[in-house]
Amino acid sequence: MSRQRWAPDDEGPRIFPTGAAKADDRGGIGALVLWINHRITRVRRGEADAADGLRLVADAMRARLDKPDR
Numbered sequence: 224m225s226r227q228r229w230a231p232d233d234e235g236p237r238i239f240p241t242g243a244a245k246a247d248d249r250g251g252i253g254a255l256v257l258w259i260n261h262r263i264t265r266v267r268r269g270e271a272d273a274a275d276g277l278r279l280v281a282d283a284m285r286a287r288l289d290k291p292d293r
């Protein structure tokens with residue numbers, strides 16, 4: 224599996240392989256799943272509050288649903 228680079232948490236799910244020419248901000252279900260797993264890991268380590276993590280995930284999902292496909 225290729226190495227991945229994460230966008231800052233406040234931007235929601237944007238993930239793309241390192242070395243990619245440009246970011247694909249449309250993401251996809253795979254990007255969303257990986258980002259949720261990343262948030263869960265941070266909560267387990269005590270780096271983030273669980274309620275805050277769930278709110279960020281919900282906001283990211285809403286933003287993805289509201290964004291029209293290109």
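Following our numbering, the numbering of the sequence shown begins with 224 at its first residue and continues without gaps. All C-beta atoms in this analysis are idealised placements derived from N, C-alpha and C, irrespective of residue type, glycine included.
A271 and R285 do not touch by the CB rule: their CB atoms are close to 19 Å apart, not below 8 Å. Note on A254: 16 or more other CB atoms within 10 angstroms of its CB, so buried under the neighbour-count rule.
The C-alpha of R267 lies about 11 Å from the C-alpha of N260. In the three-state DSSP reduction, G269 falls in the coil class, being neither helix nor strand.
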